[in-house]
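Numbering (the numbering used here), first residue to last: 279 to 431.
Glycine included, every Cβ here is placed at the ideal spot set by N, Cα and C.
Data first, discussion second: the structure below is written as structure tokens.
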């Protein structure tokens with residue numbers, strides 16, 4: 279049995295940890311509820327197979343379909359999910375299937391890029407202050423810059 283945790287990650291960054299059991303996907307009374315008119319009340323099921331340590335998805339005869347990597351899957355048949363597969367339920371709910379460690383790496387990269395953007399904006403702010411105000415204000419900005427650099431990483 280694998281200790282890997284698997285997630286469904288929406289395009290907005292919301293993540294849903296996949297349990298090692300069957301979950302229903304749909305609009306109402308489902309373990310994974312999706313708010314879209316193109317998603318049926320009980321749209322699909324994601325099942326965990328302990329013997330192969332894999333997650334599988336099955337469309338439950340939905341009107342607008344379930345798609346794996348933009349290919350509509352046949353109704354009532356299981357499709358094995360692979361790392362980085364893109365799931366779509368109906369027309370507008372896009373979710374990525376990813377491993378926990380991969381999700382953390384991407385999140386940390388996003389944090390680092392956000393920090394670098396913030397640091398660059400502070401540098402531009404300090405440069406603008408230098409051209410028009412006193413040195414004490416510049417020192418205040420530089421203190422913020424060094425604090426965020428040394429304590430964020």
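Ranked by Cα distance from residue 366, the first of 353, 349, 357 and 356 is 349.
Residue 360 has its alpha-carbon roughly 13 Å from the corresponding atom of residue 324. A residue is called buried when at least 16 other Cβ atoms come within 10 angstroms of its Cβ; residue 319 does not meet this threshold and is exposed. By the CB criterion at 8 Å, residue 287 and residue 373 fall inside the cutoff. Residue 363: not part of any beta strand (DSSP E); DSSP gives it neither H nor E. Under the three-state reduction of DSSP output, residue 312 falls in the coil class, being neither helix nor strand. Bounds of any beta strand (DSSP E) do not take in residue 351, whose DSSP letter is neither H nor E.
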